[in-house]
Amino acid sequence: MSSNLSLSCVVWTETGDRLYSFEQAAYLTQTSVLLLERFARLGLIEPVGIMLRRQDLFRVVQIQRLHRDLNLNWVGAAMVLDMVTEIAQLKAQLRAYRAELQIRNS
């Protein structure tokens, strides 16, 4: 007697972030477990034990897009992604400083 019963375990961090197995992450990002393991070995994503966070999944998709669209290697794509993220953070800080300065000068 065969059954198609599948036990799905949902794992959460102490801070309330959902964690995904490498198999789930591979399915959701349309990639392979082997590529995710390679990303982890290269330090492009940071697993929590044997699990990945949602932000890692988004990062994988973005790295793949940069790799495909700009023909960058994996590490180069991750570096570009990190720089884009840092620039966005710096722009947000600059806007906040300018707004604070405007309030002080009013």
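Numbering-wise, our numbering comes out as the position in the sequence shown, counting from 1, plus 5. Quick reminder that beta carbons are idealized off the backbone N, C-alpha and C, glycines included.
Whether residue i touches residue j by CB criterion (7 angstroms)
i	j	result
D61	I68	no
K57	Y32	Going by the sequence as given, residue 57 is Leu instead of Lys. No, Cβ-Cβ distance for L57 and Y32 is not below 7 angstroms.
T90	V65	no
F27	V16	no
A30	L40	no
L71	V85	yes
Cβ shell of residue i (< 7 angstroms), same chain only, five flanking positions each side left out
i	result
T18	L24, V53
L3	Given that the chain is displayed from residue 6 to residue 111, the structure contains no residue 3 and the question cannot be resolved.
Candidates the options, of which the one nearest residue i by Cα
i	options	result
T20	F27, R59, L47	R59
Spatial neighbours of residue i in its chain, beta-carbon cut-off 6 angstroms, leaving aside the 5 residues before and after
i	result
F44	I50
D22	R58
Own chain residues within Cβ distance below 8 angstroms of residue i, not counting five before or after
i	result
N110	none
At least 3 beta-carbon pairs within less than 8 angstroms: the stretch 97-107 vs the stretch 69-87: Between the stretch 97-107 and the stretch 69-87 there are fewer than three C-beta pairs closer than 8 angstroms, too few to call the two in contact.
Uninterrupted beta strand (DSSP E) stretches inside the stretch 16-46 (no shorter than 3 residues): Here the runs fully enclosed are 23-26.
Ranges of the alpha helix (DSSP H) found wholly within the stretch 45-77, counting only runs of at least 4: Whole alpha helix (DSSP H) segments, 4+ residues: 59-75.
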